[in-house]
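In our numbering, the protein residues as written are 7 to 268.
In structure tokens:
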């Protein structure tokens, strides 16, 4: 496994550990070939199993998928398995292999890295603000819920409170008094990890999330310096990040237990 893939995986694990750190029900367990980071909250995105081995053959992937389903059955919450293509042996078809284990693909992600990102350009009418209370931090969760059509309200006790963000870097984009975009940067092992980038669906393609993200990165850089920055992009976000200077370092697929898809 090359250093870029290793970085992508360590950043993913570090970010999820951080986001789950304030949840009393959180469980983190490392086993051979797989790591579990479960908040215990009823939102699949916050209960993650990660493939961590290298050159994994189809037979081992099938076994890991079955083991993950058995492990997660102890937690009555939806969950995701992140499979990194670069961790698999050549020619392994993860979708076909894991189908027999009861897992279905739900979302591709692309690990991306940039050494620097320029400061936020001025966007007419948009104010960039750091939320100072729980309501403001909860708005970040609400924006992401609307943008990705996922109900994330149950995550507010974990990441929708100012206490979580006191040492991290959240930004809201506000237009005419209304929040329209968000972006956050979390410091993970000295790297600026970007997450929770979202735009209200009625205000897309106007540069609002781009501006919020650049501002969050700049705020983090003022405290921690111009460290590298890493993120895991959806297919919709990937071309936007490429224009900002991010380069692909890994490819992933998120799988979900079919029981939670009905």
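We put the beta carbon where it would ideally sit given N, CA and C, even for glycine.
Per the C-alpha coordinates, the member of 197, 193, 202 positioned closest to residue 152 is 202. In this structure, DSSP gives residue 127 a state outside helix and strand, which the three-state scheme calls coil. Under the DSSP assignment, residue 198 falls in the beta strand (DSSP E) whose first and last residues are 197-205. No residue range can be given for residue 208, since it is assigned to no beta strand (DSSP E) and is classified by DSSP as neither H nor E. Considered as a whole, the stretch 22-85 harbours 33-37, 40-44, 53-57 as its complete beta strand (DSSP E) runs of no fewer than 3 residues, in chain order. Annotated as distal: residue 213 and residue 98, with beta-carbon spacing of 8 Å or more. Distance between residue 22 and residue 48, taken at the CA atoms: about 15 Å. In the structure shown, residue 133 adopts extended strand secondary structure according to DSSP, grouped into three states.
Under the 10 Å beta carbon count, residue 238 is surrounded by 16 or more other beta carbons and is classified as buried.
The Cβ-Cβ distance between residue 120 and residue 177 does not fall below 8 Å. In this structure, the alpha-carbon of residue 187 lies about 43 Å from that of residue 65. Taken atom to atom, the span from the alpha-carbon of residue 250 to that of residue 50 is near 29 Å.
For the pair residue 132 and residue 90, the Cα-to-Cα distance works out to about 37 Å. Residue 113 carries a strand assignment under DSSP once its states are collapsed to helix, strand and coil.
For residue 219, the secondary structure class from DSSP, reduced to helix, strand or coil, is helix.
For residue 149, the enclosing alpha helix (DSSP H) covers residues 140-154.
Where residue 253 is concerned, the enclosing beta strand (DSSP E) starts and stops at 253-263.
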